[in-house]
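S.K.: The opening position of the sequence shown corresponds to residue 18 in our numbering, with each subsequent residue numbered one higher. Glycine is no exception: its CB is placed at the ideal position from the N, C-alpha and C atoms.
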Amino acid sequence: SVCWLYRVDYVYFENSSSNPLLIRRIEELNKTANGNVEAKVVCFYRRRDISSTLIALADKHARELEEEMENPELNPVDLPEKQKHQLRHRELFLSRQLESLPATHIRGKCCVTLLNETEALKSYLDREDAFFYSLVYDPQQKTLLADKGEIRVGNKYQADITDFLKEGEEDGRDLAKLEERVWDPSSPLTEKQIDQFLVVARSVGTFARALDCSSSVRQPSLHMSAAAASRDITLFHAMDSLDKTRYDMTRAIAALVPQGGPVLCRDEMEEWSASEANLFEEALEKYGKDFTDIQQDFLPWKSLTSIIEYYYMWKTTDRYVQQKRLKAAEAESKLKQVYIPNYNKPNPNQLSVNSVKPGGVGGLVNGQIPGLGRACESCYTTSSYQWYSWGPPNMQCRLCASCWTYWKKYGGLKMPTRLEGERPGPNRNNMSPHSVPMRHGGSPKFAVKTKQAFYLQTTQVTRAARRVCQDIIRPRFLARHPYLPLNTAQIKQECALRLPDEPKKPLPLKPVERKPLEFVVRYLEAHPCPPKHDPPRGQTVTTGSLTPIKSTPNILNNGSPTILGKRTYEQHNGIDGERPRCGRGVERGWSSWDVDGRLFWSLLHSIGEHLSMCVLHRDRRRNMEGEDVESNGGRELGL
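1) Hey, quick one: how far does the alpha helix (DSSP H) through Gly-222 stretch, first residue to last?
2) Taking only three categories from DSSP, how would you classify Gln-114?
3) Roughly how many angstroms lie between the CA atoms of Arg-113 and Tyr-154, to the nearest whole one?
4) Excluding the five sequence neighbours on either side, which residues of its own chain have a C-beta within less than 7 Å of the C-beta of Ala-75, listed in chain order?
5) Report the option in Lys-48, Gly-52, Arg-63 and Asn-47 whose CA atom is closest to the CA atom of Asn-36.
6) In the DSSP output, what is Leu-161 paired with across the bridge?
7) Tell me the DSSP secondary structure of Cys-417 in three-state form.
8) Under a Cβ-count criterion, where at least 16 other Cβ atoms within 10 Å of its own Cβ denotes burial, should Arg-107 be classed as buried or exposed?
9) In whole angstroms, what separates the C-alpha of Asp-310 from that of Pro-499?
10) How far does the alpha helix (DSSP H) with Phe-297 in it extend, from its first residue to its last?
11) Would you decide whether Gly-429 is buried or exposed? Buried here means 16 or more other CB atoms lie within 10 Å of its CB.
12) Please report the distance separating the alpha-carbon of Lys-126 from that of Gln-354.
13) Within a Cβ cutoff of 8 Å, which residues of the same chain sit near Tyr-402, ignoring the five residues on either side of it in sequence?
14) Using beta carbons (cut-off 7 Å, strictly below), is Lys-431 in contact with chain C?
15) Give the secondary structure of Ser-149 by DSSP, where H, G and I count as helix, E and B as strand, and everything else as coil.
16) Determine which residues share a DSSP beta bridge with Val-58 and list them.
17) Please tell me whether Ala-120 and Val-54 are closer than 7 Å, where the distance is taken between their beta carbons.
18) Which residue wins for smallest C-alpha separation from Asp-229, given the options Leu-541, Pro-279 and Ala-79?
19) Which residue wins for smallest C-alpha separation from Lys-362, given the options Val-25, Glu-31 and Arg-80?
20) Kindly give me the distance between the Cβ atoms of Leu-115 and Val-199, rounded to whole angstroms, as I take these residues to be in contact under 8 Å.
21) Give the DSSP-derived three-state secondary structure of Tyr-27 in the structure shown.
22) Under three-state DSSP, which class holds Ser-568?
23) List the DSSP bridge partners of Lys-48.
24) Between which two residues does the alpha helix (DSSP H) carrying Tyr-321 extend?
25) Tell me where the alpha helix (DSSP H) around Lys-194 begins and ends.
Shown next, in the form of structure tokens:
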């Protein structure tokens, strides 16, 4: 089989047969005790792996970069929607997270570069397996930061160069304000005299450290004190003293040893403690020369200038040289490259021809031949030499071979779908493992909806068949059994037999004349709806225009009905004795209920009032439409 050579490269890793490939950068290759090879890698994240809130911040950062672009050819605003959609699949987010993965899971190489503002974004689409990044993602803190600095290209970032002065032309600027002199090479002192003065400055620095208690602890020996006094900061101070005293040796030596004692000059190497130096070396091992992260995570009490100055002084020490030699020796013992056979095992998501189910009624896409199954969810093609299942199993979605390769490499579909505009960003919390949006609103009982949209347009023959062949279709039965198959061809044949040769013309609809809004407002102002007042508490509802029928029931107990329907035991169940009559039309058939006559007629009157208001509202609507209907309230109800 064919083997591929891998070194410190950007590669694809596969952790699942159905998920997109992971993009990692190999830092080193290690051989385990059992003989297997593991790769220590740096993680890169796709847009689909990050929350929608951070994606919105990343898009805002991208828009700011687009506004600063002066070259319109580099601006991605004018790209077609399809290319914009595919360009989002090429964006990655760097992280400081390290992983150890088996080298046998490598599935190929790719190219990841820092976003270059001078290069058109469309160039990434023209190259296969090309990605870019501009932000750093922290999976623990859930934050996005700009990676290092940005390349500032353009006229506004360049210095304004003045015209070249001609011979004899004077510079009109005040040079004293533009620069500061620190040394005069045409001084009266010779090189030998200057070297002698620098030896005196070193001696003064060594003596000053002997007098300083803190320095004597850090440099316990005379040799270490002399080495610290010979550093650049002591020599720079000595030369500054010479220049300030107009190169007078006597005055310069007096400046080194003032009345309060010898001058002690310290740099960052002496100001830092041993524990701070160890923290710096640990941070440098983790973050490299990213001094901003070193300051934030390891040395927040140090300024950025102090950290950078200490770094360049630390590189001049013996400790740096020793660590460099140790790293070189470790690199020699580690694996520099590994050969991995080409992965050619069949994917579990492959679909055989026999397993493809034919499309059901209403499940076909325009232009798809019935019986060939569902179309590709990305490009909507119906023919492919190999199909792959994609998405949740209950949806039975599939991708063609080309779109499956694109999905595995770039983590998305080739064509933008309608659902792309409904979601703010690929949030990992509301997406399935196959990046199909789940619009369930937090409830697990709703199923995932497909991303494929379709429009079902019913023909006139189908509409007629619904009425003519209603006994065959049985819509009520099918509504309760939605998964039963329906033979549409048989229904169409039966409909053609039952329909006459010359179909009747559809009945014309009665045109409804809608009054303008101004007319409706004027009518409502002229005929306001009478307000209905609620009866006061503690009083019964009056019977109004209804004439109550007098009845004198012989109540055998002395209890009276209480409010809220809380009646006595006798009123609910009755006692032995003659039953009362409730009035006209309510004879002994009602006597078994033992209904209070007054309460019954009050309830009946309330129902009549409600029906009267319904009739009144209906008549008012008719009047607004221009019909002359005389409303008589509820008197026609026969109450």
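M.R.: Put simply:
1) Where Gly-222 is concerned, the enclosing alpha helix (DSSP H) stretches over 208–228.
2) For Gln-114, the three-state secondary structure derived from DSSP is strand.
3) The straight-line gap from Cα to Cα measures roughly 8 Å.
4) In its chain, beyond the 5 residues on either side, Leu-152 and Leu-161 have a beta carbon closer than 7 Å to the beta carbon of Ala-75.
5) The shortest CA-to-CA distance from Asn-36 to any of Lys-48, Gly-52, Arg-63 and Asn-47 is the one to Arg-63.
6) Paired residues: Tyr-154.
7) Assigned with DSSP and collapsed to three states, Cys-417 falls in strand.
8) By the 10 Å Cβ count, Arg-107 comes out buried.
9) Answer to the nearest angstrom: the Cα atoms are 60 Å apart.
10) 291–304 is the extent of the alpha helix (DSSP H) around Phe-297.
11) Buried, since its Cβ has 16 or more Cβ neighbours within 10 Å.
12) So the alpha carbons of these two residues sit roughly 14 Å apart.
13) Ala-418.
14) No chain C appears in this structure, which consists of one protein chain only.
15) Sequence inspection shows Phe at residue 149; the Ser mentioned does not correspond to that position. Three-state result, Phe-149: strand.
16) According to DSSP, Val-58 bridges with Ile-43 and Glu-116.
17) For the pair Ala-120 and Val-54, the CB atoms are nearer than the 7 Å cut-off.
18) When each option's Cα is compared against that of Asp-229, the closest is Pro-279.
19) Measuring from the Cα of Lys-362, the nearest candidate turns out to be Glu-31.
20) Rounded to whole angstroms, the Cβ separation of Leu-115 and Val-199 is 46 Å, and the two are not in contact under 8 Å.
21) Collapsing the DSSP output to three states places Tyr-27 in a strand.
22) The predicted model places Ser-568 with a pLDDT of 42, which falls under 50 and marks its position as unreliable, so this point remains unresolved.
23) In the DSSP output, where bridge partners are listed per residue, Lys-48 has Val-54.
24) This sequence places Leu at residue 321; Tyr is not what is there. Run containing Leu-321: 321–331, per the alpha helix (DSSP H) assignment.
25) From DSSP, the alpha helix (DSSP H) with Lys-194 extends over 192–195.
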